[in-house]
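Below is one structure, written out as structure tokens; comments come after it.
There are 4 protein chains.
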Amino acid sequence: MARPDPALLDPARYPFGNSVTTRFADLDPNGHINNVAMAAVFEDARLRFITAVGMPKNADGARFMVANVTIDYLAQAYYPAGLECRVGALPGGRSSWSLRQLLLQDNRPVATAQVTIVFTDGERPQPIDPALRERLDAWLIR
Amino acid sequence: MARPDPALLDPARYPFGNSVTTRFADLDPNGHINNVAMAAVFEDARLRFITAVGMPKNADGARFMVANVTIDYLAQAYYPAGLECRVGALPGGRSSWSLRQLLLQDNRPVATAQVTIVFTDGERPQPIDPALRERLDAWLIR
Amino acid sequence: MARPDPALLDPARYPFGNSVTTRFADLDPNGHINNVAMAAVFEDARLRFITAVGMPKNADGARFMVANVTIDYLAQAYYPAGLECRVGALPGGRSSWSLRQLLLQDNRPVATAQVTIVFTDGERPQPIDPALRERLDAWLIR
Amino acid sequence: MARPDPALLDPARYPFGNSVTTRFADLDPNGHINNVAMAAVFEDARLRFITAVGMPKNADGARFMVANVTIDYLAQAYYPAGLECRVGALPGGRSSWSLRQLLLQDNRPVATAQVTIVFTDGERPQPIDPALRERLDAWLIR
Chain A
2 MARPDPALLD PARYPFGNSV TTRFADLDPN GHINNVAMAA VFEDARLRFI TAVGMPKNAD
62 GARFMVANVT IDYLAQAYYP AGLECRVGAL PGGRSSWSLR QLLLQDNRPV ATAQVTIVFT
122 DGERPQPIDP ALRERLDAWL IR
Chain B
2 MARPDPALLD PARYPFGNSV TTRFADLDPN GHINNVAMAA VFEDARLRFI TAVGMPKNAD
62 GARFMVANVT IDYLAQAYYP AGLECRVGAL PGGRSSWSLR QLLLQDNRPV ATAQVTIVFT
122 DGERPQPIDP ALRERLDAWL IR
Chain C
2 MARPDPALLD PARYPFGNSV TTRFADLDPN GHINNVAMAA VFEDARLRFI TAVGMPKNAD
62 GARFMVANVT IDYLAQAYYP AGLECRVGAL PGGRSSWSLR QLLLQDNRPV ATAQVTIVFT
122 DGERPQPIDP ALRERLDAWL IR
Chain D
2 MARPDPALLD PARYPFGNSV TTRFADLDPN GHINNVAMAA VFEDARLRFI TAVGMPKNAD
62 GARFMVANVT IDYLAQAYYP AGLECRVGAL PGGRSSWSLR QLLLQDNRPV ATAQVTIVFT
122 DGERPQPIDP ALRERLDAWL IR
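Protein chains in written order, with my numbering: chain A, 2 to 143; chain B, 2 to 143; chain C, 2 to 143; chain D, 2 to 143.
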């Protein structure tokens with residue numbers, strides 16, 4: 002199992018949270034929540050976080066694209082208990098920004114993720130609009 | 002869209018309920034919750050219902066197998082609102098029993114399902130144990 | 002397990018076929034391909050069939066909507082072998098049509114499905130265009 | 002989009018390959034293969050690679066656990082074309098080993114992944130058996 006920075010395992014550091022219910026179809030042959038199902042839960046929390054931040058929609062011209070997802074699997078997760086996903090932004094670059102995510106079950110960390118999102122015009126990276134940058138800065142990891 | 006029996010659309014008739022969160026990955030290219038994702042939500046509620054009923058586990062020798070799933074899709078469901086799945090048993094046969102399910106979003110019916118489950122010894126249908134039948138009868142649709 | 006009409010189990014009766022690869026994520030805790038994963042394979046074959054028929058796209062104004070899906074589960078399917086899904090149309094109604102599907106693994110029937118699709122203007126059922134009806138009739142189950 | 006090491010984009014460097022069919026349910030609201038569906042395809046190829054290597058089963062006592070998955074998303078993938086996933090091992094550590102994966106569609110790289118797998122006794126990391134290490138070394142990235 003991965004050994005993440007203990008500071009990443011404190012839910013209170015993440016300003017955003019989302020609770021999800023697990024599903025029977027998330028289970029793998031070992032009776033654990035499948036790693037890919039955890040990736041879907043991280044993705045879902047990401048989308049809800051982006052909505053909370055007030056990100057412009059992709060259809061508005063500018064488009065953000067997920068460039069990288071890194072997941073550390075720390076412990077098995079089970080069914081039927083739910084999962085809580087904490088999310089916070091990291092200080093960003095010129096045309097990209099990253100967020101950190103912590104997944105817990107019954108207050109026990111089961112995985113962390115770091116995701117890098119790039120702003121583009123559909124083809125090439127574009128500088129992030131200062132107003133959006135300001136909104137993101139309101140959701141930084143503490 | 003299907004036109005189900007209006008009596009099936011009354012949530013109060015179903016003795017069991019389960020709330021699930023939708024996920025971004027449930028969405029199809031039309032921006033609706035995919036039909037297959039709805040099938041996963043029905044399946045999940047079914048498993049939780051079976052646990053509530055106190056069904057013996059498959060590992061205990063007797064095994065139940067889903068023989069038929071029939072889903073009527075009534076209306077589109079959306080993200081990110083959650084879904085509520087109502088479940089109740091129907092009076093059963095000798096070696097099988099059926100359950101009815103109603104899926105709602107924001108109190109609006111979006112799908113119904115009927116599922117037939119057969120008890121087997123792994124190979125052939127077996128009569129349902131009277132004690133289990135009695136437990137099932139406590140969860141009949143009203 | 003369901004006992005379908007034996008005539009439905011003959012792959013040669015279905016004019017269309019699609020081979021899919023199974024995935025580890027399709028497995029359930031019993032080590033079988035999950036019922037919902039089979040529903041996804043049926044859905045996928047349906048979309049490919051619709052493309053082969055030359056169905057107008059939903060975006061073209063007329064829209065088709067899946068109103069009912071009925072699946073009979075006949076036998077367990079396993080990983081990592083692939084699945085073959087056979088598809089054929091049934092003689093249709095005025096504003097709807099149905100198709101039949103047969104899912105096989107290693108030439109062994111594992112499930113059948115019947116699906117009813119309704120043509121609408123987005124809200125109400127609409128008569129099916131005669132040219133489309135003619136194309137569908139070229140793909141009837143034999 | 003991520004800019005990976007160009008050397009990682011050459012399929013010929015990866016000794017193992019697996020072709021998968023895409024499914025309609027893989028599509029996201031933008032009409033692209035969803036990032037999580039790509040993660041499922043990487044996972045599936047990983048399992049098939051592990052079988053080809055001749056990895057002992059988890060049930061045999063020793064257990065391997067995925068500790069980290071890192072995916073670089075390079076380009077959109079589409080439906081209904083299939084995907085090809087290339088896989089190769091990296092020279093490993095004492096109790097863990099890593100593999101590299103390249104996902105292509107129509108010979109176009111769409112994503113890369115690096116995965117670290119840890120051998121454990123169910124709880125703690127264990128040294129990898131020399132015979133298994135030898136088998137892994139036969140599947141190194143060229």
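Note that the Cβ used here is the ideal one computed from N, Cα and C, for glycine as well. Just so we're clear, the structure is a prediction, and the values are computed from it rather than from any experiment.
- The Cβ atoms of D/Ala90 and D/Gln106 do not sit closer than 8 angstroms to each other.
- Of the candidates A/Ile118, A/Arg109, A/Ala53 and A/Asp29, A/Ile118 places its Cα closest to the Cα of A/Met66.
- Taking all protein chains in view, the Cβ of D/Ala41 is crowded by 16 or more other Cβ atoms within 10 Å, so the residue is classified as buried.
- Within 8 angstroms of the CB of C/Val88, no CB atom of chain D is found; the nearest one sits about 13 angstroms away.
- With respect to chain C, the C-beta atom of D/Phe17 has no partner C-beta closer than 8 angstroms.
- Here A/Ala112 carries a strand assignment [DSSP, helix/strand/coil].
- Within the model, the alpha-carbon separation for D/Gln77 versus B/Phe50 is close to 40 angstroms.
- B/Leu48 and A/Phe25 do touch by the CB rule: their CB atoms are close to 4 angstroms apart, below 8 angstroms.
- A Cβ of chain B is located within less than 8 angstroms of the beta carbon of C/Tyr74.
- DSSP lists D/Arg109 as the bridge partner or partners of D/Gln106.
- Within a 10 Å sphere around the beta-carbon of D/Glu124 sit fewer than 16 other beta-carbons, which makes this residue exposed.
- Under the three-state reduction of DSSP, C/Arg87 is assigned to strand.
- Against C/Ala40, the close residues of chain B are Val37 and Ala40, in the order they occur along the chain (beta-carbon pairs closer than 7 angstroms).
- Residues of chain C whose Cβ lies closer than 8 angstroms to the Cβ of D/Asp29 do not exist; the shortest such Cβ separation is about 15 angstroms.
- Between the stretch 22-39 of chain D and the stretch 20-38 of chain B there are three or more inter-stretch CB-CB distances shorter than 8 angstroms, so the stretches are counted as touching.
- Residue burial annotation: D/Arg87 is buried, with at least 16 other C-beta atoms found within 10 angstroms of its C-beta.
- With its beta carbon at least 8 angstroms from every one in chain A, B/Arg14 lies outside the interface.
- Chain-ordered, the chain A residues with CB closer than 9 angstroms to the CB of B/Arg49 read Phe25 and Pro81.
- At a Cβ-Cβ threshold of 8 angstroms, B/Leu75 and B/Val21 do not count as neighbours.
- With respect to chain D, the C-beta atom of C/Thr113 has no partner C-beta closer than 8 angstroms.
- Between A/Pro57 and A/Ala132, the alpha-carbon positions lie close to 11 angstroms from each other.
- With a cutoff of 8 angstroms on beta-carbon distance, C/Thr71 and C/Gln115 are scored as near each other.
- Sixteen is the threshold: since fewer than 16 other Cβ atoms of the shown chains lie within 10 Å of the Cβ of B/Glu135, the residue is exposed.
- The Cβ of A/Gly32 sits closer than 8 angstroms to at least one Cβ of chain C.
- Around the beta carbon of A/Asp45, 16 or more other beta carbons sit within 10 angstroms, so the residue counts as buried.
- Against chain C, the CB of D/Asp107 has no partner CB under 8 angstroms away; the residue lies outside that interface.
- Among the CB atoms of chain D, none fall inside 8 angstroms of the CB of C/Asp122.
- D/Met66: member of the beta strand (DSSP E) spanning Arg64 to Tyr74, first to last residue.
- Contact between C/Leu104 and C/Met39 is confirmed by a C-beta separation of about 6 angstroms, below the 8 angstroms threshold.
- At the C-beta level, D/Asp73 and A/Asn69 come within 8 angstroms of one another.
- Within chain B, the residues Asn36 and Tyr74 have their CB atoms less than 7 angstroms from the CB of C/Val67, given in chain order.
- Contact check for D/Pro12 and D/Arg143: beta-carbon distance about 11 angstroms, past the 8 angstroms limit, so the pair fails to qualify.
- Classified as buried, A/Pro110 has 16 or more neighbouring CB atoms from the shown chains inside 10 Å of its CB.
- Nearest CB-CB separation between A/Asp138 and chain B: not below the 8 angstroms threshold.
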